[in-house]
Amino acid sequence: MTSIAADATIEIPSSGPSSDPDPPQVPEKHSCSLNNKPQEYTPGVTVTTVKPPLLYRPTYWGLISGAVILVIAGLIFTVYYFKTGDPSSTYPPLAEDMPVLPSLNPPEPNSTLPNGHRIFSKPNWGGRPPKYVRPLVQPTPYVVITHTAGNRCSDFNTCATQLRNIQDQHVGENNMPDIGYNFCVGDDGNIYVGRGWDVTNMLDGWVRFKSISICFLGNYVYEYLNTAQIESTQQFLKLGVEWGKLHPEYKLVAHNQTTPTLSPGNNVYNVIQNWPHFFIPFTNSTSYPRAQLKD
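So for the sequence shown, this note's numbering puts the first residue at 249; every next one is plus one.
What follows is the structure, given as structure tokens:
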């Protein structure tokens, strides 16, 4: 039996909800300070600095990984925006773009060409009004000959249907404000008004915003122009000069002289290269312009 000293004091636990003794205390050498004050040196006591978990410590490779993720996210956003963004990502309306005004699309001065063929307005073939327009400075210095690379049409109803389909594609799929051409010419020899004389087209290259585009309906890589198409187009260009829409010394070029493309096809090029005002802006026979021309 163990004896108890006479002067010893015995502590009896309180009668609280728990009779367990106080939990053991963490030894001083395993504790960490949460403040920024330097710990005082105490002889015989070892102070251990506890490092934060590895998960929260910035590392060299962690920074590199974060930068790579940001770059990839930026590239994905850029590709998505320019591919599927709003119409401004393809053909942006600039500050000078105007709402459609009746004065920009007046009735054509003449509805019949000297050879008897007709000039059909956009309402004639069922075209819709444009979303917006950009006025074209006149007299215009360039005429660009193109083709649709699609089917030909030999009568008004067939040509009108094709033009409505082209307008639907240009506006609905290509985010253009209107059909892309100023005028189109069918196998019937008739002229079909697209954007008309007073509005810019959507051609790129050095003729951008300063040209009239005349498009032959059909694919003239394989097909050939007929006499009615050739005569009507030449007479229409003469009227453009008489009406003050074209510059008297305008330059006529093929579409593939302004940008790399097969349009208007070799069979059209071989014809128009013999027309008055035809112009070759290169030093060789390639389809790349030498430089932007001065007006």
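No residue lacks a Cβ here, since even glycine has one placed at the ideal position from N, Cα and C.
Exercise for review: Would you please state the rounded distance, in angstroms, between the beta carbons of Gln386 and Gly437? I believe it to be under 8 angstroms.
Suggested key: Actually they are not in contact, since the Cβ atoms of Gln386 and Gly437 sit about 26 angstroms apart, beyond 8 angstroms.
Point to revise | As assigned by DSSP and simplified to three states, the class of Phe368 | key: Reduced to three states, the DSSP call for Phe368 is strand.
Practice item. Only counting runs of 4 or more residues, tell me where the alpha helix (DSSP H) segments fall wholly within the stretch 399–469, in order along the chain. Key: DSSP runs (the alpha helix (DSSP H)) wholly in the stretch 399–469: 404–420.
Exercise for review: Tell me whether Val469 counts as near the ligand ADP, meaning its Cβ is closer than 7 angstroms to at least one heavy atom of that ligand.
Suggested key: This structure lacks the ligand ADP; in fact it carries no ligand of any kind.
Practice item. Would you tell me roughly how many angstroms separate the C-alpha atoms of Thr448 and Gly364, rounded to the nearest one? Key: Going from the Cα of Thr448 to the Cα of Gly364 covers about 28 angstroms.
Check your understanding: Alpha carbon to alpha carbon, how far is Pro383 from Trp373?
Key -> Using only the alpha carbons, I get a separation of about 23 angstroms.
Review point. Between which two residues does the alpha helix (DSSP H) carrying Ala502 extend?
Key: DSSP places Ala502 in no alpha helix (DSSP H) but in the uninterrupted beta strand (DSSP E) bounded by Leu494 to Ala502.
Practice item. Within its chain, find whatever has a CB closer than 7 angstroms to the CB of His503; leave out the 5 residues flanking it on each side and keep chain order. Key: If the five residues before and after His503 are omitted, its C-beta is found closer than 7 angstroms to the C-beta atoms of Val392, Ile393, Thr394, Thr509, Ser511 and Pro512, all from its own chain and listed in chain order.
**Study point:** Three-way DSSP call (helix, strand, coil) for Thr475 in this model
**Key:** In the three-state reduction of the DSSP assignment, Thr475 falls in the helix class.
Check your understanding: In chain order, what residues of the same chain have a beta carbon less than 7 angstroms from the beta carbon of Lys499, not counting five sequence neighbours either side?
Key -> If you ignore the 5 residues before and after Lys499, its C-beta comes within less than 7 angstroms of the C-beta of Pro389, Tyr390, His525 and Phe527, all in its own chain and listed in chain order.
Review point. With a CB to CB cut of under 8 angstroms and the five nearest residues on each side skipped, what residues in its chain are close to Val218?
Key: Residue coverage of the chain in this structure runs from 249 to 543, which leaves residue 218 outside it and unanswerable.
Point to revise | Residue range of the alpha helix (DSSP H) that includes Tyr517 | key: Where Tyr517 is concerned, the enclosing alpha helix (DSSP H) stretches over Asn514 to Ile520.
Review point. Should Val381 go down as buried or exposed, given a rule of 16 or more other Cβ atoms within 10 Å for buried?
Key: Classification for Val381: buried.
Check your understanding: When you compare only the Cα positions, how much space is there between Ile439 and Ile367?
Key -> Rounded to whole angstroms, the gap between the alpha carbons of Ile439 and Ile367 is 5 angstroms.
Practice item. Mind checking which residues open and close the beta strand (DSSP E) that includes Pro389? Key: Residue range Thr388 to His395 is occupied by the beta strand (DSSP E) that includes Pro389.
Practice item. Pick helix, strand or coil for Phe527, following the three-state DSSP scheme. Key: Three-state DSSP puts Phe527 in coil, outside helix and strand.
Review point. So, using beta-carbon positions, are Leu411 and Gly375 closer together than 8 angstroms?
Key: Taking a C-beta distance under 8 angstroms as the contact criterion, Leu411 and Gly375 qualify as a contact pair.
Review point. To which residues does DSSP link Val385 through a beta bridge?
Key: Answer is none; Val385 lacks a bridge partner.
Exercise for review: Might you give, ordered along the chain, the residues of its own chain that have their beta carbon closer than 6 angstroms to the beta carbon of Gly434, omitting 5 neighbours on each side?
Suggested key: Cys401, Cys407 and Leu465, listed in sequence order.
**Study point:** Closest by C-alpha distance to Val469, when choosing among Leu318, Ile324, Asn399 and Pro378
**Key:** Ranking the options by Cα distance to Val469, first place goes to Asn399.
Practice item. Since I believe Ser480 is in contact with Leu361 (beta carbons under 8 angstroms), could you give me their beta-carbon distance rounded to a whole number of angstroms? Key: Rounded to the nearest angstrom, the Cβ distance from Leu361 to Ser480 is 6 angstroms, consistent with a contact under 8 angstroms.
**Study point:** Check whether Gly442 and Cys432 have beta carbons under 8 angstroms apart
**Key:** In this structure, Cys432 lies closer than 8 angstroms to Gly442 by Cβ.
Practice item. Using the Cα positions of Gln483 and Gln505, report the straight-line distance between them to the nearest angstrom. Key: Approximately 23 angstroms between the Cα atoms of the pair.
Review point. What are the partner residues of Thr360, as DSSP defines its beta bridges?
Key: Under DSSP, the beta-bridge partners assigned to Thr360 are Arg366.
Exercise for review: Assign Gly488 to one of three DSSP states: helix, strand, or coil.
Suggested key: Looking at Gly488 - three-state DSSP - the assignment turns out to be helix.
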